[in-house]
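Just so we're aligned, residue 0 is where the sequence shown starts under numbering that gives the first Met the number 0, counting upward by one. Even for Gly, the Cβ is constructed at its ideal location relative to N, Cα and C. What follows is a single structure, written as structure tokens, with notes after it.
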Amino acid sequence: MRTPLIAGNWKLFKTIDEATGMVKELKTLVAATAGVEIVVAPVFTALSRVADSLTGSNIRLAAQDCFWEEEGAYTGEVAPKLLVDAGCSHVIIGHSERRQYFGETDETVNKKAKAAISAGLTAIVCVGETLAEREADRTFTVIETQLKGGLAGFSADQLAKSVIAYEPVWAIGTGKTASDAQAQEVHAFIRSLLVNLFGQSAAEAMRILYGGSVKPDNVKGLMSQNDIDGALVGGASLKADSFAAIANFAS
Ligand code: PEP
Numbered sequence: 000m001r002t003p004l005i006a007g008n009w010k011l012f013k014t015i016d017e018a019t020g021m022v023k024e025l026k027t028l029v030a031a032t033a034g035v036e037i038v039v040a041p042v043f044t045a046l047s048r049v050a051d052s053l054t055g056s057n058i059r060l061a062a063q064d065c066f067w068e069e070e071g072a073y074t075g076e077v078a079p080k081l082l083v084d085a086g087c088s089h090v091i092i093g094h095s096e097r098r099q100y101f102g103e104t105d106e107t108v109n110k111k112a113k114a115a116i117s118a119g120l121t122a123i124v125c126v127g128e129t130l131a132e133r134e135a136d137r138t139f140t141v142i143e144t145q146l147k148g149g150l151a152g153f154s155a156d157q158l159a160k161s162v163i164a165y166e167p168v169w170a171i172g173t174g175k176t177a178s179d180a181q182a183q184e185v186h187a188f189i190r191s192l193l194v195n196l197f198g199q200s201a202a203e204a205m206r207i208l209y210g211g212s213v214k215p216d217n218v219k220g221l222m223s224q225n226d227i228d229g230a231l232v233g234g235a236s237l238k239a240d241s242f243a244a245i246a247n248f249a250s
């Protein structure tokens, strides 16, 4: 059985006070939530203070990106071991906004994911097609290229420390969610690729999250699909009540 994972990507929102304030509310709202892994991903500057606020709770901490080197003359970058130092257990890698605005490629995703895992983090590796790619019937080709590139050279152990997030770019922040069937179709395709690359049991154990305008009112339908094992949530993760409602999808 795969433990569902609900992750909130706060993007470039929230000061330290806003982030710790929301965590305070969220902790109460999900205190009784069992059998679901809950993760929040604030901006870098809030990580350490949010980590303190999360102490003793069932919510874990993610960063939104990392670099692949441990240290050196890399102005502006943050190494995976520093994220561990700040209290992170997870890191999001290859989000479509990083691919779109900051030149992230499958190769850099791969280097970041490997570095993150060797530092002890769980890597949440994002893949997803644009609207133009979907309309050109290229969804499966794009996902296959991103997945194979992002996970290139992974050992079984590295795979076990990763999570895939399928986020159709046309559904991110647009209010347009993939239908349950559209999402399931791609998730099943991703799992079949994982079977080919890593074998049946590794693929069965792998969590594949859906992301793209997940809200309290559509999460249940998505989570009822066979190959959807959680959600990466942007907009609806910014308020404690809506994110808690998503995390509590089973109740
Ligand atoms: C995201 O940023 O990963 C995301 C899915 O955003 P939203 O839920 O707002 O579409």
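- Per DSSP, reduced to three states, the secondary structure at H94 is coil, with no helix or strand assignment.
- Distance between A112 and T14, taken at the CA atoms: about 27 Å.
- 8 Å or more divides the Cβ of G7 from the Cβ of S47.
- Distance from the C-beta of N8 to the nearest heavy atom of the ligand PEP is below 7 Å.
- Note that the C-beta distance between H94 and Q63 is below 8 Å.
- Look at G210: its beta carbon is less than 7 Å from one of the heavy atoms in the ligand PEP.
- Where S200 is concerned, the enclosing alpha helix (DSSP H) starts and stops at 199–204.
- Taken atom to atom, the span from the alpha-carbon of Y209 to that of E166 is near 6 Å.
- Taking non-hydrogen atoms of the ligand PEP into account, the C-beta of V218 is found less than 7 Å away from none of them.
- With contact defined as three or more Cβ pairs closer than 8 Å, the stretch 138–158 and the stretch 183–198 are in contact.
- Sequence-distant partners of A115 (beyond 5 residues in either direction) whose C-beta falls short of 7 Å from its own C-beta, in its chain, are C65, P79, V90, I92, A122.
- Going by DSSP, A155 is part of the alpha helix (DSSP H) stretching over 155–159.
- If you compare the alpha carbons of F248, I207, G75 with that of D226, the shortest gap goes to I207.
- Using a cutoff of 7 Å, the CB of G234 counts as near the ligand PEP, since one of the ligand's heavy atoms is closer than that.
- With respect to G174, S200 sits apart: the two C-beta atoms are not nearer than 8 Å.
- For A170, the closest alpha carbon among the candidates T44, Q181, K160 is that of Q181.
- Burial state of G55 is exposed, judged by a 10 Å Cβ sphere holding fewer than 16 other Cβ atoms.
- Secondary structure note for G7: its beta strand (DSSP E) is the uninterrupted segment 4–8.
- The C-alpha of E24 lies about 13 Å from the C-alpha of A31.
- The closest CA to that of A18, considering only T44, L28, L231, is found on T44.
- Cβ atoms of F242 and V218 stay farther apart than 8 Å, at about 10 Å.
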